[in-house]
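See structure below.
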Amino acid sequence: MTPSQREWAAARDELVSALKELGHPEELGNAIAGNLGSPKAMHRMTSYLYHVKPRSVELVVDEMLAICSEIEAWKQKKESEEANARYNEMLYYGLGTEDDF
5 MTPSQREWAA ARDELVSALK ELGHPEELGN AIAGNLGSPK AMHRMTSYLY
55 HVKPRSVELV VDEMLAICSE IEAWKQKKES EEANARYNEM LYYGLGTEDD
105 F
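Going letter by letter, the sequence shown gives residues 5 to 105 in our numbering.
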């Protein structure tokens, strides 16, 4: 197992454990971990569980969806910034000469 896989598994195990302490099934924890996808997101979710202690599955899933939504918005922002940087570079340097094609 690679260090990255160990980190992911440890984050998943901590998330599942936190959910089980609140009385939720282990399967819910595994499903949430799979949807969140990264150790950082799982740690964020685990922190939410320890601090808020939601009793309903709906609140847990709602927080997972909020985290996923924020991650997606961040990714789109980064993609937009990269496209903008390439566009500005093209404006600054031009398209090149005909020999470049």
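No residue lacks a Cβ here, since even glycine has one placed at the ideal position from N, Cα and C.
Sequence-distant residues of the same chain with beta carbon closer than 7 angstroms to residue i, five excluded per side
| i | result |
| --- | --- |
| Ser60 | none |
Alpha-carbon to alpha-carbon, residue j and residue i
| i | j | result |
| --- | --- | --- |
| Leu3 | Ala35 | Lying before the first or after the last residue shown, residue 3 is absent from the chain, which here runs from 5 to 105. |
| Glu74 | Glu31 | 24 angstroms |
| Tyr54 | Leu95 | 50 angstroms |
| Asp66 | Ala45 | 14 angstroms |
| Ser84 | Ala13 | 32 angstroms |
| Gln80 | Ser21 | 32 angstroms |
| His47 | Gly98 | 45 angstroms |
| Tyr52 | Gly38 | 17 angstroms |
| Pro7 | Ile71 | 24 angstroms |
Enclosing alpha helix (DSSP H) for residue i [first to last residue]
| i | result |
| --- | --- |
| Met5 | From DSSP, Met5 is part of no alpha helix (DSSP H); its letter is neither H nor E. |
| Gly27 | Element bounds for Gly27: n/a, residue is neither H nor E. |
Integer Cβ distance of residue i from residue j, believed to fall under 8 angstroms
| i | j | result |
| --- | --- | --- |
| Leu69 | Met49 | Contact doesn't hold; Cβ gap of about 11 angstroms is too wide. |
Residues near residue i by beta carbon distance below 6 angstroms, same chain, minus five either side
| i | result |
| --- | --- |
| Trp78 | none |
| Gly33 | Leu19, Val20, Leu23 |
Reference residue i, options the options, closest by Cα
| i | options | result |
| --- | --- | --- |
| His28 | Asn39, Lys57, Leu40, Arg10 | Lys57 |
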